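Residue numbers (our numbering), protein chains in the order written: chain A, 36 to 197; chain B, 273 to 644.
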């Protein structure tokens with residue numbers, strides 16, 4: 036059972052409240068910081084929200100606890116003018132799952148890469164860059180992976196029109 | 273040594289493997305930088321079969337996305353369907369009748385057998401042995417007939433629904449499954465003599481294509497790849513879903529980390545799948561195969577959840593975010609082949625090209641599953 040030990044580490048770096056809302060955006064619900072979630076109906080055991088600049092620290096915590104990277108993905112919260120990046124991790128022995136979230140403003144979608152910690156993050160970040168236009172600073176090869184090599188569009192943004 | 277001679281020694285060339293190549297089993301391209309027969313760098317170029325399933329998940333209702341699920345990993349389509357309906361059932365709080373869960377396990381495991389049989393034949397073709405393919409396809413054909421009788425399809429199954437399955441299985445299916453298992457079991461010693469003990473195959477597979485347990489963890493490689501590296505990670509055991517916790521079965525693990533270990537994992541898994549199917553057929557409960565009162569148009573409450581199944585290739589995960597409407601706000605499909613492929617660049621460095629092709633074959637890639 037890795038979760039209790041992880042909780043205190045994450046609490047130290049968790050986001051203190053939601054980022055300041057952009058003018059004109061809908062009011063955001065308060066973001067849970069470090070939340071135990073029932074595996075049976077959420078599929079994850081721990082839900083953590085960290086500031087975007089601390090995702091590398093969060094990935095190091097997961098690496099030290101010997102978690103496996105599951106996936107990285109984004110969610111476009113158009114009404115709140117924010118993009119969310121979700122990192123999913125699994126422990127191969129206990130089966131515990133941790134989701135780490137970070138929110139970034141839509142007009143400056145940048146956060147650091149974790150591909151130097153988890154090699155598998157390289158492709159997941161490229162895919163997230165393809166779909167959402169999120170820039171992972173320090174990524175060694177942030178070129179289109181699934182989209183055509185000259186693609187300038189980001190199809191999973193909610194304001195995307197074909 | 274003169275600088276001219278030095279530059280000749282350092283000379284490398286770029287070799288395109290694919291996008292049309294028999295060993296890639298689909299439209300996969302690998303940009304190889306070669307030093308003679310040795311790989312200096314292998315950069316996979318993917319996305320040729322990209323269809324943006326995740327966007328399709330957002331612009332149609334939950335039920336209308338069901339056929340899409342079977343078109344990612346088309347060799348083991350039922351698992352994708354299981355992962356998708358499982359995620360939506362978890363989000364919407366739908367309870368599935370027990371008989372339907374048993375049917376899901378039986379059909380999924382049959383699909384795993386057919387997928388592994390196809391892999392076995394194709395892997396041997398990659399290594400230059402053609403004949404096993406014919407035997408494998410003969411066996412696989414029996415499974416497709418069985419699944420066709422109940423799902424109506426032979427490849428891109430769309431059989432699971434939110435709350436159950438769309439058709440009940442009948443006595444013919446049960447009898448046919450038992451007959452098939454007896455047949456496949458009697459043929460396993462033949463495969464063993466034919467392939468496992470074949471010295472040419474063993475020279476091509478033993479000690480070739482090492483993938484360490486640490487690499488699996490860093491890249492998220494799952495399924496037979498991680499179990500061939502000595503880690504007993506199987507979603508069916510580690511986080512049991514459906515009714516898998518009711519059956520006795522083992523998770524085959526081999527610590528050698530090579531192509532042979534991944535081969536042995538899959539062959540042993542076929543034996544275990546047969547065990548699961550037999551137990552499920554023996555204890556098949558009666559009752560409905562669909563939950564009552566599943567609304568025609570699903571509108572799960574706001575929120576998100578994650579659901580994983582153990583597909584034939586590893587952990588297939590679905591993250592679904594709902595905003596309360598009849599379409600998903602976000603549907604993330606985590607495919608096992610994507611993660612298994614991503615470690616190829618690191619693992620193939622310094623390998624001989626023919627050995628790298630053995631490694632590629634042992635990963636059991638389905639390209640549309642990578643590209644989605």
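For every residue, glycine included, the Cβ atom is placed at its ideal position computed from N, Cα and C.
Please read these numbers as outputs of a predicted model, since none were measured by experiment.
| request: Using a cut-off of 8 Å between C-beta atoms, extract the partners of residue 137 of chain A located in chain B. | output: Sequence index remark: in the first chain, residue 137 of chain A carries index 102 (1-based). Neighbours of residue 137 of chain A on chain B: none; closest Cβ ~15 Å, over 8 Å.
| query | Going by alpha carbons, who is nearest to residue 123 of chain A out of B/377, B/490, B/364 and B/403? | reply | As a position in the first chain, residue 123 of chain A is number 88, starting the count at 1. Per the Cα distances, B/490.
| query | Hey, would you say residue 353 of chain B sits closer than 8 Å to residue 365 of chain B, going by beta carbons? | reply | In the second chain, the residue the question calls residue 353 of chain B occupies position 81. In the second chain, the residue the question calls residue 365 of chain B occupies position 93. For residue 353 of chain B and residue 365 of chain B, no; Cβs fall outside 8 Å.
| message | Just to confirm, is the Cβ distance from residue 609 of chain B to residue 592 of chain B under 8 Å? | response | Locating residue 609 of chain B in the second chain gives position 337, counting from the first residue. Locating residue 592 of chain B in the second chain gives position 320, counting from the first residue. It is not a contact, given that the beta carbons lie outside the stated cut-off.
| task | Measure from the alpha carbon of residue 488 of chain B to the alpha carbon of each residue in A/140, A/153, A/43 and A/75, then state which is nearest. | result | Residue mapping note: residue 488 of chain B aligns to position 216 of the second chain, counting from 1. Cα-wise, what sits closest to residue 488 of chain B is A/153.
| request: Determine the burial state of residue 424 of chain B: buried for a count of at least 16 other Cβ atoms within 10 Å of its Cβ, exposed for fewer. | output: Your numbering for residue 424 of chain B matches position 152 in the second chain. Residue 424 of chain B comes out exposed.
| query | Whose CA, out of A/40, A/156 and A/46, lies closest to the CA of residue 173 of chain A? | reply | The residue labelled residue 173 of chain A in the question sits at position 138 within the first chain. It is A/156 whose Cα lies nearest to the Cα of residue 173 of chain A.
| query | With burial defined as no fewer than 16 other Cβ atoms inside 10 Å of the residue's Cβ, what is the status of residue 498 of chain B: buried or exposed? | reply | Along the second chain, one-based indexing puts residue 498 of chain B at 226. Its Cβ being crowded by 16 or more others within 10 Å, residue 498 of chain B is buried.
| message | Taking 8 Å as the threshold (beta carbon to beta carbon), is residue 238 of chain B in contact with chain A? | response | Residue 238 of chain B cannot be examined here, being either before or after the span of chain B that is shown, 273 to 644.
| field | Reference residue 573 of chain B, options B/327, B/585 and B/595, closest by Cα | value | Position 301 of the second chain holds residue 573 of chain B. Of B/327, B/585 and B/595, the residue nearest in Cα terms is B/595.
| Residues near residue 598 of chain B in its chain [Cβ-Cβ closer than 8 Å; skip 5 each side] | Taking the second chain and counting its residues from 1, the one referred to as residue 598 of chain B is at position 326. The residues are 333, 334, 569, 570 and 571.
| Integer-rounded CB distance, given that residue 634 of chain B should sit under 8 Å from residue 492 of chain B | Within the second chain, numbered from 1, the residue matching residue 492 of chain B stands at position 220. Within the second chain, numbered from 1, the residue matching residue 634 of chain B stands at position 362. With 8 Å as the limit, residue 492 of chain B and residue 634 of chain B do not qualify as a contact, their Cβ atoms being about 17 Å apart.
| request: Measure the CB-CB distance between residue 588 of chain B and residue 607 of chain B and report whether it falls below 8 Å. | output: What you label residue 588 of chain B is simply residue 316 of the second chain in a count that begins at 1. What you label residue 607 of chain B is simply residue 335 of the second chain in a count that begins at 1. Contact: yes.
| field | Residues of the stretch 492-506 of chain B whose Cβ lies closer than 9 Å to any Cβ of chain A, in chain order | value | 492, 493, 494, 498, 503, 504 and 505
| query | Along the stretch 285-307 of chain B, what residues have a CB closer than 9 Å to any CB found in chain A? | reply | none
| query | From what residue to what residue does the alpha helix (DSSP H) around residue 488 of chain B run? | reply | Position 216 of the second chain, counted from the start, is the residue given in the question as residue 488 of chain B. First-last of the alpha helix (DSSP H) with residue 488 of chain B: 485-491.
| request: Give every residue of the same chain whose Cβ lies closer than 7 Å to the Cβ of residue 305 of chain B, excluding the five residues on either side of it in the sequence, and list them in chain order. | output: As a first step, residue 305 of chain B must be located in the second chain, where it is residue number 33. Excluding sequence neighbours, residue 305 of chain B sits near 284, 286, 312 and 313.
| query | Which residues share a DSSP beta bridge with residue 84 of chain A? | reply | Within the first chain, residue 84 of chain A is the residue found at index 49, counting from 1. Paired residues: A/136.
| residue 92 of chain A touches chain B at which residues, Cβ-Cβ below 7 Å? | The residue given as residue 92 of chain A occupies position 57 in the first chain. Within 7 Å Cβ-Cβ: nothing; residue 92 of chain A doesn't reach chain B, min ~18 Å.
| Proximity below 8 Å, CB of residue 48 of chain A to CB of residue 100 of chain A | As a first step, residue 48 of chain A is located in the first chain; it is residue number 13 there, counting from the start. As a first step, residue 100 of chain A is located in the first chain; it is residue number 65 there, counting from the start. No; because the gap between Cβ atoms is not below 8 Å, this pair is not in contact.
| query | Between the C-alpha atoms of residue 582 of chain B and residue 559 of chain B, what's the straight-line distance to the nearest angstrom? | reply | Taking the second chain and counting its residues from 1, one reaches residue 582 of chain B at position 310. Taking the second chain and counting its residues from 1, one reaches residue 559 of chain B at position 287. Looking at the two C-alpha atoms, the distance is approximately 26 Å.
| For residue 471 of chain B, does the count of other Cβ atoms within 10 angstroms reach 16, so buried, or fall short, so exposed? | In the second chain, the residue the question calls residue 471 of chain B occupies position 199. Residue 471 of chain B is exposed by the Cβ-count criterion.
| message | Going by DSSP, what residue range makes up the alpha helix (DSSP H) through residue 314 of chain B? | response | Translated into the one-based positions of the second chain, residue 314 of chain B becomes position 42. Careful: residue 314 of chain B lies outside any alpha helix (DSSP H), inside the beta strand (DSSP E) at 310-317.
| field | Beta-bridge pairing of residue 329 of chain B - partner residues as DSSP gives them | value | On the second chain, residue 329 of chain B is found 57 positions in, with the first residue counted as 1. Residue 329 of chain B is not bridged to any residue.
| Interface residues of the stretch 391-414 of chain B facing chain A [CB-CB below 7 Å] | none
| said: Against chain B, with Cβ distances strictly below 8 Å, would residue 106 of chain A count as a contact? | reply: One-based indexing of the first chain puts residue 106 of chain A at position 71. Closer than 8 Å: yes.
| CA-CA distance, residue 144 of chain A and residue 390 of chain B? | Position 109 of the first chain, counting from 1, holds the residue named residue 144 of chain A. Position 118 of the second chain, counting from 1, holds the residue named residue 390 of chain B. Those two C-alpha atoms are separated by around 43 Å.
| message | Tell me the DSSP secondary structure of residue 72 of chain A in three-state form. | response | Mapped onto the first chain, residue 72 of chain A falls at position 37. Here residue 72 of chain A sits in coil by DSSP.
| message | Would you say residue 101 of chain A lies against chain E (beta-carbon separation less than 8 Å)? | response | Within the model displayed, chain E is absent; protein chains A and B are what it includes.
| query | On the premise that residue 641 of chain B lies in contact with residue 345 of chain B, defined as a C-beta separation below 8 Å, what is that separation, rounded to the nearest angstrom? | reply | On the second chain, residue 345 of chain B is found 73 positions in, with the first residue counted as 1. On the second chain, residue 641 of chain B is found 369 positions in, with the first residue counted as 1. With a Cβ gap of about 4 Å, residue 345 of chain B and residue 641 of chain B count as contacting.
| query | Which one of B/446, B/309, B/355 and B/630 has the shortest CA to CA distance from residue 432 of chain B? | reply | Numbered from 1 along the second chain, position 160 holds the residue referred to as residue 432 of chain B. The residue with the shortest Cα to Cα distance from residue 432 of chain B is B/355.
| query | Comparing alpha-carbon positions, which option in B/393, B/446, B/388 and B/379 lies nearest residue 419 of chain B? | reply | Here residue 419 of chain B refers to the residue found at position 147 when the second chain is read from its first residue. Per the Cα distances, B/379.
| message | Please list the terminal residues of the continuous beta strand (DSSP E) segment that includes residue 587 of chain B. | response | Sequence index remark: in the second chain, residue 587 of chain B carries index 315 (1-based). It spans 586-594 - the beta strand (DSSP E) in which residue 587 of chain B sits, taken as one unbroken run.
| Partners in chain B for residue 77 of chain A, counting only beta-carbon separations shorter than 9 Å | Residue 77 of chain A sits at position 42 when you count from the first residue of the first chain. Near residue 77 of chain A (Cβ distances below 9 Å), the residues of chain B are 362, 575, 576, 577 and 578.
| field | Cα-Cα separation, residue 436 of chain B to residue 565 of chain B | value | The sequence position of residue 436 of chain B within the second chain is 164, counting from 1. The sequence position of residue 565 of chain B within the second chain is 293, counting from 1. Distance between the alpha carbons of residue 436 of chain B and residue 565 of chain B is about 12 Å.
| query | What residues match up with residue 119 of chain A in a beta bridge as DSSP calls it? | reply | Taking the first chain and counting its residues from 1, the one referred to as residue 119 of chain A is at position 84. Per DSSP, A/110 and A/138.
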